[in-house]
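Protein chains in written order, with this note's numbering: chain E, 326 to 753; chain Z, 2 to 625.
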C-alpha cells in the first residue's frame, strides 16, 4: 500500500504549516530525513535534512498505527509556515519510494476503511470542517464524536433483541421458550419508534443548523429594510459570505448571529408589479419570504399594501426609529437604535427552533430513518394483530436492522442467534 | 486396480446421498464404508426434519435425494412444526423407526445402478501432486477414482467420553478412523475439534407411561417427500416428562465428574443442543426442563430421552434419570456419552464443497463442522453432484442463498467458518418468505432435471404439478371482483372499491377455499393441494415483491466473480485483518465477500473497483 502525504494546514504564509504522512512506510522512510524519532505522540525538535542540505527545523510527531487518526503509522512535520519550505519538503517526500500525494479526503477514507471512524462520523467530520458558526460546530462535533453511531447501536441492539424474541418463537417453537413475547417486543419497538420519530421531526432543525436559517425582512417600500440589513451585517453580526445566487428580487446575506447560521433575505421588491416579468419576480420573493424560518416585519410604511401578514412566532417592530417615535420596540438602521434588541429577538426565536434538533444531519440519514419508521410501524401492527404473521414481522425487523447498519456498519445472523442463546435455554 | 469416477468414503447420511446422487447423474461410484450393515444408521436421535432442517429435507427431495423418501418409509409419527404459524416457517418432522430407515437407505443404494458398495477402512489417499487419484483401503488395496468425497462423520480421531473415562471410537460399537485423520492433518489446513453429546438410551418397558403426558402425531400428517401422500407404517406417540429440583441437585453435585465440566474435553459443543449439565449451569434460574421420550422403533423398546444429553459417569446418569417422573424404575440400556472429533475449517472449501488445496477431493457433513442428519445429507447431495461433474470435467454446480437453504448453509460455512457445530435455522435464511418447504420442488427440481439427478418418476410428477399450478393460477387470476361480489360469496373485504382477483383473495386471513370456489365455479375441479399451494404463494407475494430489488442487488454482486488467483494484497486501503480473512475464505464472488464477518462497505467498494479496473470479473454463471 502507498504511503500518502499532504499539507494538512491551509496554503499560504503562516506561522506553522503541518505536513501529514500516513502509511506503512511513514516512519522508516522518514528516518534519514529526521535522524531519529522521539517517543510516540511526543513532539521532538529535529533538523530536517535532504542529504546534507538543511530543509527546516521542525517539530516531529509520530503516531503508532493503533493510536493514529488513519489507523496507520502517521508522522506529522510541523514546519515553519513558509511556502518555500513546504514546497521543498513535499518535493523531498515525493522522491521516496512508495510515497504519493494524498487525494482529497484520503486520510479520512483510510480512517473509515481501517475502522477508526464510522460512516456517520466521517459525515460529521465533513460538516465540522465546513462549520462556520458555533452552533454548526457543536452539531457536527456531536456526530463526529460518534453520537449517531452510538444511537444507531442502541436502536440496533433493541431491534436485534426484538427480532431474537420473535425468531425464538419461530425457530424453537417446540422448546422451552417464553410463552408470550409480544409485550416485550412492543415495548422495545415503541422505544425505538419514539426515538426515530424524534429524529425525523428534528431533522428540519438540524438541516437548518447545517445549511442556515432563513430570516426574511419584510416591509413596505422605504420601511428601512436595506439600511437595517446593512447595519445587521456590518456591525452587529459577522457577515460570513454573500450568496452568488442573490437576485434582484431577493438579496441574501449570510451571517453568524449568536452562533446561529442565518441567511437574511431582503425581499426588496414586495410591491404591486407593473409588468409581467416583475410580477413573476415578486411572486418568487413572496414565496421565499413565506417559506422562511422567521419573518421580521418592519412597520411604519403602508402595511396594508403588503402581500404577507405575520404568523405566530414572527417579529413585528417599528422601523425608522430615528424619524418617527412611537411606543413599543423600534429599530433604526441609521442610528443602530434597537438593533441589539432585534438581534436578541431573532436569536431567541431561532434558538427555540434548534432545541429539538436531531442527531441526523444528512438527507441520507433522514431517508434511512423514514424507511426504518415505516418498517417498524408495520412490524408493530403485525405483532399486535395476533399470532399469525410473525415471520412477516420478523422480515420487516430484519430490514430495519439492516437500515441501522446502513447508518454505520453491517449485521450478521450470528448477532441474532447470539442474543437468542444468551437469553433462552434452547435445546430439549 | 478398480477404477471409478467417484469414490465416496463413509456411509452415513452425507455419504449415502453423495453416492446416490453421483450415480443418478450417471457416474460410476464406489461407496467405501467400514461396515455395510451400518449404512444409513441414525447415530443420534430417532427423528428427521424440523424447523430449518425440514427445509433441507425437502430440498434434498426436490433434487431426488434419499432422505425424505427413506424417512417416509420409516415415519412412525408425523408432526408439522409451527402448523399454526405462517407456511414460511413450518417444518415437517418425523419420528423414525431406526431399523426401517436404515433398511430403506440400504435397499435404495443397493438397487442403484452404477453404484458399488465396498466394505473396508480407507486408510489413505493416492495423490499425484495436489490432485487426488484414488484411495487406499485396509492399508494395501488401491482403488482409483477421479473424484473422492470424504464424509467421515465423527470418526476422524473420534474420542467418546463417559464421565472421566474416555475411549477412541466413532460411535458406540464402531472404531475411529485415525490413520485417515493423521493423513488429513498433513494435507488439509484448518483442523479443529468439535464435540456433540447423546443422552442415555432407556428401556421403554421400564417406563411408567401411565403417569406421563402423551404427544401424538398430527391428525392430517404432512409427508417428508413430495412424492408421498400418507404414512407407510403404524403410528405411535411420544411421552413428555420434566426434570425437577432433585434432578438438578444430582447433576450439580456431580459436575466435577462430567467429561465436559471436569475439563476432559477440548472440543466446542453447540449452544442450541446443550447437555443437561449446560442447562443447569447456564440457566440456573430454571427449575425444570422438558424431556421428550421418543420411541426408537415399532419393534424396538428403546426410548431416546430427548433433552438430557450428558457426559456424566454412568452411575450418576442412572440416579438423575430415575429422579424424573415416570422414570423412577427405568433401566438404562446404554449410557449417554459425549464425542469429540476432528473437523476442517470449511473456509477452505469452494461453494461446490471441493477442497481448494487438493483437486478432486470433496468434503461433506460433520467434517465441515455441521451437525445433524439433514445438514449432512444436503451437503452430501451437493458434493456427490459436484464429484460426478468433476469426474466429467464439468464446472461446479453452486446453490445460492437466494434459491435454497442448502445455498444458505454452504455459503455460511465457506464464508464465515464455524465456531460451534453448525445447525440450520429458518432465521439464517434472509429470503425465508420465498424459500419454503412447500415450494422446494418449484425452486430446485428444474435444476435437478437439468443436472440429470432427477429420475423419470419425479420428473413426470413435477411436470404434472406445474401444469396444474399454471392452469389454476391463470384461472384464478383472470377475473377481478368488486367488494360487493366478494361479500356475496361470504368473503369480508374492505369497501374500498378496489377489484381483486381470486388469487389475491386467497391471501385474505381466514378465507375458505369454498368461498373462492363461489367466485370462480370452475375452481371446483382444481385439486385441494394445488389451491393450497396457490394460497401460500399468494400470502407472501406482496412481501416477495418488496424483497425483489434487494434480491436483484445481491444477484448483481453475485455476477462479479473474483478470480481464484485474485491478489487481495494488491488492494490499497484494505486492513491487514480484512486481507487475512479474504485470503482464508477466498470468496468466489463480490456478494460472498460482502458477507465475510467484519467486512466494511468501503472494503467491498475497493474490491469492486479493482475487479472493474482489471476487467477480470466476468459474469459468473451457476453452471448447471
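We treat Cβ as the ideally placed atom computed from N, Cα and C, and that holds for glycine. In this text, all values refer to a predicted model and were calculated from it rather than measured experimentally.
Check, Outcome
"Below-7 Å beta-carbon distance, residue 90/Z vs any chain E residue", "yes"
"For residue 522/E and residue 607/E, the rounded distance between their alpha carbons", "37 Å"
"Proximal chain C residues relative to residue 120/Z, where beta-carbon distance stays under 9 Å", "No chain C is part of this structure, whose protein chains are labelled E and Z."
"Sequence-distant residues of the same chain with beta carbon closer than 8 Å to residue 715/E, five excluded per side", "491, 494, 495, 707, 708"
"Three-way DSSP call (helix, strand, coil) for residue 333/Z in this model", "strand"
"Three-state class that DSSP yields for residue 645/E in the structure shown", "coil"
"Extent of the continuous beta strand (DSSP E) to which residue 70/Z belongs", "Not the beta strand (DSSP E): residue 70/Z falls in the alpha helix (DSSP H), residues 68-75."
"Residue burial classification, residue 415/Z (beta-carbon count within 10 angstroms, cutoff 16)", "buried"
"Contact between the segment 365-378 of chain Z and the segment 38-55 of chain Z (3+ Cβ pairs under 8 Å)", "yes"
"Within the segment 52-117 of chain Z, ranges of the alpha helix (DSSP H) (whole runs, at least 4 residues)", "54-63, 68-75, 99-111"
"Touch test, the segment 18-30 of chain Z against the segment 159-173 of chain Z, Cβ-Cβ under 8 Å, three pairs minimum", "no"
"Element boundaries [alpha helix (DSSP H), containing residue 577/E]", "No alpha helix (DSSP H) holds residue 577/E; the beta strand (DSSP E) holding it covers 576-582."
"Which listed residue (373/E, 619/E, 395/E, 660/E) has its alpha carbon closest to that of residue 677/E", "619/E"
"N- and C-terminal bounds of the alpha helix (DSSP H) containing residue 309/Z", "Here residue 309/Z belongs to no alpha helix (DSSP H), and DSSP marks it neither H nor E."
"Backbone secondary structure at residue 395/Z - three-state DSSP", "coil"
"CB of residue 64/Z within 7 Å of CB of residue 18/Z, strictly", "no"
"Endpoints, the beta strand (DSSP E) within which residue 379/E is located", "378-388"
"C-beta contact flag for residue 119/Z and residue 96/Z at 7 Å", "no"
"Beta carbon proximity, residue 372/Z to chain E, threshold 7 Å", "no"
"Within-7 Å CB hit, residue 191/Z to chain E", "no"
"Proximity of residue 354/E and residue 363/E at Cβ, strictly below 7 Å", "no"
"Cβ-Cβ separation, residue 464/E to residue 535/E (assumed contact under 8 Å), whole Å", "7 Å"
"heavy atom of the ligand GDP below 6 Å from residue 571/Z C-beta", "Ligands in the displayed structure: none, and consequently the ligand GDP is not present."
"Closer than 8 Å at the beta carbon, the chain Z residues around residue 723/E", "431"
"Residues in the segment 252-265 of chain Z having any Cβ partner in chain E nearer than 8 Å", "none"
"Where residue 544/Z meets chain E, residues with beta-carbon distance less than 7 Å", "717, 720"
"Integer Cβ distance of residue 240/Z from residue 210/Z, believed to fall under 8 Å", "6 Å"
"7 Å Cβ cutoff, residue 560/Z in contact with chain E", "no"
"Contact with chain E by residue 245/Z, beta-carbon distance below 7 Å", "no"
"Reduced DSSP category for residue 601/E - H, G, I as helix; E, B as strand; rest coil", "helix"
"Proximity to residue 466/Z [Cα-Cα], best of 422/Z, 309/Z, 533/Z", "533/Z"
"Chain-ordered neighbours of residue 345/Z on chain E, where CB pairs are closer than 7 Å", "Chain E residues near residue 345/Z: none, gap ~20 Å exceeds 7 Å."
"Contact list for the segment 63-94 of chain Z against chain E, Cβ threshold 8 Å", "82, 83, 85, 86, 87, 89, 90"
"Beta-carbon contacts of residue 569/E that lie in its chain and below 7 Å, excluding the five residues immediately before and after", "The predicted position of residue 569/E is uncertain, since its pLDDT is 36 and thus under 50; no value can be drawn from it."
"Minimum length 4: unbroken alpha helix (DSSP H) runs contained in the segment 392-476 of chain Z", "406-417, 441-452"
"Chain E contact for residue 435/Z (CB, 7 Å cutoff)", "no"
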